[in-house]
Amino acid sequence: MKQPNKMKTTTPYMQGRSLRLALCALAFAVGIPVSAQDNASQTEEVETAIKQPARPLRPAHKYPMMTLRGTVTDQATGKPLAGIQLRTLGNALFAAMTGADGRFRISVPVFTTSLYVHSPGYLAQQVGVVSGDSTQTIAVRMLADRYRSMYPDGTVITAQSSFRAASNSVTIDNDIENNLGADVRSIMRSATPDAGAAMFVRGFNSLNANAQPLIVIDGIEQDMQQNRGSLHLGQFNNILANLSPDDIDEVRVLKNATALYGARGGNGVILITTKRGHSMATRIDANIGMGVALVPRLPKMMDAGQYRNYATEMLGTMEANTRLDKPISYHFLDDNPAGYYYNIYHNNTDWTDYVYRTAVTQNYSINVQGGDDIGMYNLSVGYQNDQSTVEKNNFDRMNVRFNTDINILYNLKTRFDISISRTTARVFDDGIAPDLTAGTVTSPAFLSLIKAPIVSPYQYNAVIGGFTSLLSDYDDIYSQLGRGYGLANPVAILSNADGDNKNKAENTYFNVRVEPTWTFSRSLSLTTMFSYNLDRNAQRYHRPYGGVPPFEIADLGTVTSMAASLFSKEINVVSDTHLDWYRQYGRHTLAAFGGFRYTYFSFDDNNLNTQYTGVTNDKNPALSSSTGYQGIHGANDVWKTIKWYGNADYNYMNRYFLTLSLAAEANSRFGENAGGLKALGTVWALFPSVQLGWVMTHEDWFPKHGVVNYLRLNAGYDVSGNDDISNYAARTSLSAVRFLYDMTGLQLTNIGNDKIQWETNKKLNVGLQAYLLGNRVGLDFNFYVNRVSHLLTLMTFRNPIGGINNYWTNGGALRNTGFEATLTGKPVVGRDWHAELGFSVGHYKNKVTRLPGGSYTSSVYGDHNLLTAVGNPVGLFYGYRTAGIFATDDAARAAGKDGYLYTTDATGRRNYFRAGDVHFVDRNGDGEISEADKAVIGDPNPDLYGNIFARVGWRGLTLDLGFNYSLGADVYNYQRSILNSGSTLYNQQVAEVGRWRYEGQAATLPRVAYGDPLGNNRFSDRWIEDGSYLRLKTLRLSYQLPVPGSWTWLQGLSVWAQANNLVTLTKYLGSDPEFSVAGGVLYQGIDAGNLAQGRSFQFGLKINL
């Protein structure tokens, strides 16, 4: 009988040998690395270690030992817990595990001050012991891991906070707001699904540069492209929209000790860590979520009857103010039912019914993790689709991420991660432009408010005696006044401008990262990391011909429609290499790392826009079509940084801690004569840090079984920077410019300042962290003083050079002082019932301390309406104070110095305030209302802000409530200044019905006057409101279904339902008191009418296999 061929047998290790060698070659062929900053603190969180091939270990040091005995019980039931792991804090060599009766016995060095106790399913904790006392017995009571708060890491002495990501949000911005309310002042920009939030750590630390924190994803510093615009009004470029919250493991915010991040750490740092494989057992998690978002609260606008009265009254002032030669017979005034125009202009249309909708959202994700002795992996795939509550607007995201940890040799391992995300959005203009006279209004949402209710979206056909399905053109209520006065049909914009080649935004985000680590000994290792990031953005914009009035361009003529495209690409290459060293010498523990980082950023974009002068349809708005005007813009920016850094940690008996850090950074944005250390032919910015910590509960004299279970005091001083300087601020530059729509030439665009440098933020922090009453009450408090010098400011040339009036310099300074506090408690810890409550509060006070050119005003959605002055907070509202409305002519006559108050127009003619006009306060008493009467009328900085949360559970049922709040901030209701202006034929809020109309009337709104000749609508305290609010942000109910023991394939099954923005308590008159019109400091607290947040409801299912 023929014998079968013998098969060669190999071990699993040999089977993976070729893979190991290949990955070894790949890892060291590409890298020199980047996440040194992530090693700034060691974490004590429990992870299942990857099993590595055996290697000989050096024997442990011989220390005098003591034996500790005790029991571990469940705090809720009092029953003993088996399998609980105990070890000396910071050293896993001395460890033990509880037996079936919950008892343990562990031998530890006599200088041990605390044990670290942990187990899956329970909150880790530290337990203090008395050094040298071998007779002590320890009782440990564990809390089940079903609470939001986490026990502190005993080796971290900096001001930081974190949370585990677990939500169904579209972007992580929303979770940061919900979980870190006092640590990060997060302001949602709008309710557009991918809009994200403006985030600030410890107040405003800049005036003109980016003041938002650095985002670091898996050790890679991100360029958030804050100054890169969108083709669409009210839309934002949010890099975090590419990252699915389902992929995130932890979010941590560093509020101080950010020196290692150099010239990018001055505004704080948010570290985002994605999920990795930690268990050899294959685990599959699937999430399914769906929901609806309701139309937000909208301003109540006048109906057809109220509007007709308003418009008729406006006509009486219009003819006088516009100096028309003869009255116009307006079609909408035709009251003859048999007339042609009667049916066209006798409607009662609520335009919001056609523009807003109930939106549908859906989210699907699957996560697979597992591995073997060769390596671990985590694979996640997700899909998100969210409609906006504005018709035809939606957001899609498809994302794939694959993270691996691979053992190549016994002393060589590597991380290899790759991810790609693609987002697609259908978008239209949103909100209100800063200057409504500069062009045609094309935001469908804003048009739905200001469009006259007397007209219909559809055409009227006199032959059939009714309306057709054809969309009406722009109305002629205004167009009878002349070209450029018409208002577009918002329904026509949504229909004619919808399409892949019309209004669409696409973004592709790709990252690949390899990070090998060679371990030379138990104490020394070398890590190198290489990362490549690609962020590609493509946008199309189309302002349609149908339904939109034509507009005029100087020297060109009448333009009927417009198309634009934008393509941008940013590449980020990072290389980082660092050595890590760790040794423990008895009572002393030393750790250090140091290395080199190189970062390369390249951004280029091309923006082409065309104005059509002869196109009469919207079928193919191709940029290559015949156009009357083409605009071409672009950028090709490159900036680089080189950084040497080092960090040393020392702790004595886990009781006293000292951390020293230093980073030296060279940056292509810095001028060649900037301040700093000059070496190797360039300028180096130096960023030192020193942090101190004292764990009082580890002192032998501190009671071990008292009220206080853990108490740590910390203090620190560090220096970090802000390099958000124009890439060319240090250099004189020329740019290509088109002249006369045809010719191209060079134009001087910047006068360089070779002394330009980073903004320097010097931070002092003192704080404490405590856990009390059996770890059931937690307190975290920090007080800080931030002093920012070399503040970037814009200076004016005495004599302009080549048309350039300004240049950048580092002449300003400001100071931020404040505190953050978080209090958590677990009032109910039972077998079936459990409850947790929490409260956080943040406060900051900023003050400008130096300005090289003195005080100045800025025009942001107003005329010189923001004040920047020494001794004052940043971004103060600066305008006119009012004292009501003149009810009578006698009251108006008595208000001035010698009679009526007056204002002077551009021709020098005086215009007098009379009955029905606003009574502006004449501060200098000269009888004239002028710039000299302006004063500070509001402060957008809040007094307090933070979160309140509660969790109540019964067996598998859990109810979570989350509130956020902001108190004391003044806000500018720019939208209301348009909707209650009484100076145009725009539809107005219903409050306009109570406008002043006759002598002696006590009114809160002035008389109507077309064009506002007296400036009743100017920037004043009429538009400044209290923006305080308390919002029930989330209410979530989840249930963990019991799984039969025979269903070994199913590890868990839970269902959940969530409601968002259920209740908002506020006095604010706008749609939503939370908004951010742009990322800059001076744009905060301004409501420009972007899509407001409304109620939404979601439900879903989570399956664990």
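If you use mature numbering (1 follows the signal peptide of the UniProt record, and there is no 0), the sequence shown corresponds to residues -36 to -1, 1 to 1069, in order. The beta carbon of each residue, even a glycine, is placed where N, CA and C say it ideally should be.
Helix, strand or coil: how does DSSP classify residue i here?
i	result
ILE893	coil
HIS295	helix
ILE720	coil
GLY230	coil
MET30	strand
ILE308	helix
ARG365	strand
SER684	strand
THR404	coil
GLN952	coil
HIS662	helix
GLN270	helix
TYR422	strand
GLY848	strand
ILE48	coil
ALA1042	coil
ASP458	For the sequence presented, residue 458 should be read as Leu rather than Asp. In this structure, LEU458 counts as helix in the three-state DSSP scheme.
TYR546	strand
In whole angstroms, what separates the C-alpha of residue i from that of residue j?
i	j	result
SER125	LYS727	17 Å
ASP38	TYR748	38 Å
GLN190	ARG695	22 Å
GLU214	VAL180	12 Å
LEU53	VAL91	9 Å
TYR864	GLY975	21 Å
GLY1064	VAL134	14 Å
HIS597	PRO480	42 Å
PRO816	ARG153	32 Å
ARG845	ASP985	6 Å
ASN691	SER566	11 Å
PHE666	THR821	56 Å
VAL1041	GLY826	14 Å
ASN571	VAL792	59 Å
HIS310	ALA268	8 Å
MET362	TYR936	38 Å
TRP960	VAL354	35 Å
Between which two residues does the alpha helix (DSSP H) carrying residue i extend?
i	result
ILE414	408 to 414
TYR318	316 to 319
GLY855	First, the amino acid is wrong: residue 855 is Ala here, not Gly. 853 to 857 is the extent of the alpha helix (DSSP H) around ALA855.
ASP137	136 to 143
GLN939	938 to 943
Check for me: the beta strand (DSSP E) holding residue i runs from which residue to which?
i	result
SER930	921 to 931
ARG149	149 to 152
GLU629	620 to 631
LEU831	830 to 832
ASP985	Where ASP985 is concerned, there is no enclosing beta strand (DSSP E), given that its DSSP letter is neither H nor E.
ILE181	178 to 181
PHE567	552 to 576
GLY346	339 to 351
TYR866	866 to 868
If contacts are defined as beta-carbon pairs under 8 Å, then residue i and residue j qualify, I think. What distance do you get, rounded to the angstrom?
i	j	result
GLN503	SER487	In fact, because the Cβ distance is near 52 Å, the residues do not count as touching under 8 Å.
PHE1039	ASN829	With a Cβ gap of about 17 Å, PHE1039 and ASN829 do not count as contacting.
GLN348	ALA323	With a Cβ gap of about 13 Å, GLN348 and ALA323 do not count as contacting.
THR325	ALA416	With a Cβ gap of about 33 Å, THR325 and ALA416 do not count as contacting.
Just list the beta strand (DSSP E) runs in the stretch 460 to 534, keeping only unbroken ones of 3 residues or longer that don't cross its boundaries, in chain order. Listed in chain order, the complete beta strand (DSSP E) runs (minimum 3 residues) inside the stretch 460 to 534 are 468 to 483, 488 to 507, 515 to 517, 521 to 523.
Restricting to runs no shorter than 3 residues, where is the beta strand (DSSP E) found entirely within the stretch 185 to 254? Fully contained in the stretch 185 to 254 are the following beta strand (DSSP E) runs of length 3 or more, in chain order: 212 to 218, 233 to 238.
Entirely enclosed beta strand (DSSP E) segments - the stretch 987 to 1037, minimum 3 residues: Taking only runs of at least 3 residues, the beta strand (DSSP E) segments lying wholly in the stretch 987 to 1037 are 988 to 990, 993 to 1005, 1016 to 1030.
In chain order, which beta strand (DSSP E) runs of at least 3 residues are fully inside the stretch 774 to 815? Counting only runs of 3 or more, we get 797 to 814.
Mind listing, in chain order, the continuous beta strand (DSSP E) runs of no fewer than 3 residues lying wholly within the stretch 692 to 771? You should have 697 to 703, 707 to 714, 723 to 736, 741 to 765.
Go through the stretch 367 to 392 residue by residue and report every complete run of the beta strand (DSSP E) that reaches 3 residues or more, in order. Segments of the beta strand (DSSP E) lying fully in the stretch 367 to 392: 376 to 390.
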